[in-house]
Amino acid sequence: MRMSTRTRFAVNALVDLGLRQQAGPVALAAICGRLQVSLSYMEQVFARLRRQGLVESTRGPGGGYTLGRRADAITIADIVAAVEDRPAPAAEVTPGQALWAELDAVMMQHMSGITLESLLEEQRAKGVDIEVSPRRRALAMPRPAPRAVTTRAPNSVFAFARSLAD
Numbered sequence: 061m062r063m064s065t066r067t068r069f070a071v072n073a074l075v076d077l078g079l080r081q082q083a084g085p086v087a088l089a090a091i092c093g094r095l096q097v098s099l100s101y102m103e104q105v106f107a108r109l110r111r112q113g114l115v116e117s118t119r120g121p122g123g124g125y126t127l128g129r130r131a132d133a134i135t136i137a138d139i140v141a142a143v144e145d146r147p148a149p150a151a152e153v154t155p156g157q158a159l160w161a162e163l164d165a166v167m168m169q170h171m172s173g174i175t176l177e178s179l180l181e182e183q184r185a186k187g188v189d190i191e192v193s194p195r196r197r198a199l200a201m202p203r204p205a206p207r208a209v210t211t212r213a214p215n216s217v218f219a220f221a222r223s224l225a226d
């Protein structure tokens, strides 16, 4: 079985999300900043996770992502299945392919026993620093103080006539 970078980032992102979602939806940009990965790449990964129901998105200000299911109901095998492209089974299987298919099945079986909750508990036990910033509402920018109007040109026909007479 091939574990791609996409799978590693997906697992790490869901751990990050699981640790921080109690304060509300977590912005994908914040996750990308902590994992040091591009936003456009993670948008593709999260689109796959969303299609499988592993995450839910909230749009608008204060929006972001939350887990689509409880952390103890999400396994690493679920994450792998959501983000990895599985090749279609070949019509004829060579002995080497059969071996890799069997190893793949054993690995998926093992990953089915590992829940996201167990990974979250591991991180909490390690004392991972979880900096949860409260959701901020957009602050209204103070309006600039009005400036005094100074007349540089005549503002009426009468003032114009007076300026010509001077």
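The C-terminal residue of the sequence shown carries number 226 in my numbering, and the numbering is unbroken. Ideal placement from N, C-alpha and C gives every residue a C-beta, glycine not left out.
query                                                                                                         : result
Residue environment, SER134, which counts as buried when at least 16 other CB atoms sit within 10 Å           : Correcting the residue type first, residue 134 is Ile in the shown sequence and not Ser. Result: buried.
Range of the contiguous alpha helix (DSSP H) that encloses THR154                                             : Element bounds for THR154: n/a, residue is neither H nor E.
Assigned secondary structure, GLY113 (DSSP; H/G/I helix, E/B strand, else coil)                               : coil
Residue range of the unbroken alpha helix (DSSP H) whose run includes GLN78                                   : As written in the sequence, residue 78 is Gly, which differs from the Gln given in the question. Residues 65-80.
Nearest candidate by alpha-carbon position, reference VAL71, set ARG94, ALA225 and LEU179                     : LEU179
Extent of the continuous beta strand (DSSP E) to which GLY124 belongs                                         : 124-127
Three-state secondary structure (DSSP) of VAL140                                                              : helix
8 Å Cβ shell around LEU79 - same chain, five flanking residues per side excluded                              : LEU180, GLN183, ARG184, VAL188 and ILE190
Continuous alpha helix (DSSP H) stretch holding GLY84: start and end                                          : No alpha helix (DSSP H) holds GLY84; DSSP gives it neither H nor E.
Proximity to GLY120 [Cα-Cα], best of VAL86, ARG110 and ARG108                                                 : VAL86
MET63 classed as buried or exposed, judged by whether at least 16 other C-beta atoms fall within 10 angstroms : exposed
Cβ pair count under 8 Å reaching 3, the region 107-116 against the region 134-145                             : yes
Buried/exposed call for ALA73, threshold 16 Cβ in 10 Å                                                        : buried
CB contact flag (GLN81, LEU109, <8 Å)                                                                         : no
Among ALA219, GLU177, ARG222 and PHE220, nearest to VAL75 - alpha-carbon criterion                            : GLU177
Backbone CA spacing between MET102 and VAL166 [nearest angstrom]                                              : 28 Å
Test item: CB-CB of LEU88 and GLY124 under 8 Å                                                                : yes
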